[in-house]
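In this note's numbering, the protein residues as written are 149 to 249.
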């Protein structure tokens, strides 16, 4: 199985990628007018039985555990990167790939 998903984290919520059934491949930060708005994470799916946990950050709401089957899946990371870079339209919006340590 070599399917990938795209998840995001914002000021309002955090998508937990520390999951044994996911392997984080890359992170991309989206800036709009110089302010970071979103971090996109590309993850390889290791098990279709896993669930994705979304937690409130600046807003208080109950943790939400979502089955992975509801997320759009991609065959390659290139397909996802193409989607991400569609946000990099002009000087007001910018995508930055985060280097892993």
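Glycine residues also receive a C-beta, built at the ideal position from the N, C-alpha and C atoms.
Residues near residue i by beta carbon distance below 7 Å, same chain, minus five either side
i	result
residue 205	159, 160, 161 and 162
residue 214	199, 200 and 202
Status (buried if at least 16 other CB within 10 Å, exposed otherwise) for residue i
i	result
residue 170	buried
residue 173	exposed
residue 233	exposed
residue 181	exposed
residue 241	exposed
residue 244	exposed
residue 195	exposed
For residue i, the three-state DSSP class (helix, strand or coil)
i	result
residue 250	Nothing about residue 250 can be reported from this structure: the residues present for the chain run from 149 to 249 only.
residue 172	strand
Start and end residues, alpha helix (DSSP H) containing residue i
i	result
residue 230	225-233
Residue i: first and last residue of the uninterrupted beta strand (DSSP E) it sits in
i	result
residue 222	It is not in any beta strand (DSSP E) - residue 222 carries neither H nor E in the DSSP assignment.
residue 192	183-193
residue 242	241-246
residue 158	152-158
residue 163	161-164
Minimum Cβ-Cβ distance from residue i to chain C less than 8 Å
i	result
residue 221	Among the chains in the structure shown there is no chain C, since it carries only a single protein chain.
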